[in-house]
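Q: Just passing along the structure, written as structure tokens.
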């Protein structure tokens, strides 16, 4: 069965510093996708970044990058130059192969950015 | 452009009441998903539609939960005879048929069963 593990319940980072949020996954599938979502206190899940299992390059989207280490089954999110507005819950999620589009989520990491 | 919308945003129900939660996906999105998010947890999959066909309902916790998408656009999640354990945020997401299968989420409906 597929599983996502996020071991950091909470993280603190100072404004303008970089922070890494950990995510490990477990799957026996060869084809899968990994996602990171941000959930502010308003509740909406905001898509941040996607990495396909066959992508050779690490995904980047602005200040977000995904450190994908396939052999270690890890997909850590790196946020550079943190901003106060980055304070939120962050969820790592995995999608299975083409016949299974549902997302499996981790338990999340609460990030707090302080001035 | 318009994102996924959900209504109502908040719903308080007495135990035993039926509730209906609505989701309007992004226009043209083929796939629609429902998730349940308990307090302090990550979302958990409930059910999935491709157009009007319900392809996966393996996550529905009991036969009190029912979802439909009769015309392949708007979807309704119905919970009959609500119980206190049904209290959660219900998230709807949609994704296009191509261009990657990223799911875009609505703001959720927060259900409280008293």
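Protein chains in written order, with this note's numbering: chain B, 1 to 115; chain R, 1 to 114.
Each residue gets a CB set at the ideal place from its N, CA and C atoms; glycine is no exception.
What you are looking at is a predicted structure, and each value in this text was computed from that prediction instead of being measured.
(1) Spell out the partners DSSP gives residue 31 (chain R) in its beta bridges.
(2) Can you name the start and end residues of the beta strand (DSSP E) that residue 107 (chain B) belongs to?
(3) So the candidates are R:25, R:78, R:14; which of them puts its Cα closest to the Cα of residue 5 (chain R)?
(4) Pop quiz: residue 2 (chain B) and residue 79 (chain B) are said to be a contact at Cβ under 8 angstroms. What is the actual Cβ separation, rounded to whole angstroms?
(5) What is the DSSP secondary structure of residue 17 (chain B), reduced to helix, strand or coil?
(6) Going by DSSP, what residue range makes up the beta strand (DSSP E) through residue 26 (chain B)?
(7) I want to see whether chain R comes within less than 8 angstroms of residue 95 (chain B), judged by CB atoms only; does it?
(8) By DSSP's criteria, residue 31 (chain B) is part of a beta bridge. Which residues make up the other side?
(9) I need the straight-line Cα distance from residue 24 (chain B) to residue 84 (chain R), nearest angstrom please.
(10) Can you give me the Cβ contacts of residue 112 (chain R) inside the same chain, cut-off strictly under 6 angstroms, excluding the 5 residues immediately before and after it?
(11) For residue 102 (chain B), go through chain R and note every residue whose CB falls closer than 8 angstroms to its CB, in chain order.
(12) Closest Cβ-Cβ distance between residue 16 (chain R) and chain B: below 8 angstroms?
(13) Can you tell me whether residue 56 (chain B) is helix, strand or coil according to DSSP?
(14) Given a cut-off of 8 angstroms on the beta-carbon distance, is the pair residue 31 (chain R) and residue 95 (chain R) in contact?
(15) Taking Cβ positions, are residue 82 (chain B) and residue 18 (chain B) nearer each other than 8 angstroms?
(16) Identify the residues that DSSP records as bridge partners of residue 46 (chain B): which are they?
(17) Looking at C-alpha atoms only, which residue of R:78, R:101, R:114, R:102 is the closest neighbour of residue 23 (chain R)?
(18) Is residue 114 (chain B) near residue 15 (chain B), with beta carbons less than 8 angstroms apart?
(19) Going by alpha carbons, who is nearest to residue 69 (chain R) out of R:44, R:34, R:103?
(20) Under 7 angstroms Cβ-Cβ, which residues of chain B neighbour residue 89 (chain R)?
(21) Could you confirm whether any beta carbon from chain B is found closer than 8 angstroms to the beta carbon of residue 105 (chain R)?
A: By the coordinates alone:
(1) DSSP lists R:50, R:95 as the bridge partner or partners of residue 31 (chain R).
(2) Run containing residue 107 (chain B): none; DSSP gives neither H nor E here.
(3) R:25
(4) Wrong, their Cβ atoms sit about 25 angstroms apart, outside the cutoff.
(5) coil
(6) Counting along the chain, the beta strand (DSSP E) containing residue 26 (chain B) begins and ends at 24 to 26.
(7) yes
(8) According to DSSP, residue 31 (chain B) bridges with nothing at all.
(9) 33 angstroms
(10) 12, 87
(11) 33, 45, 48, 56, 59
(12) no
(13) coil
(14) Result yes, Cβ atoms of residue 31 (chain R) and residue 95 (chain R) sit closer than 8 angstroms.
(15) yes
(16) B:38
(17) R:78
(18) yes
(19) R:34
(20) 43
(21) For residue 105 (chain R), the answer is yes, since a Cβ of chain B falls inside 8 angstroms of its Cβ.
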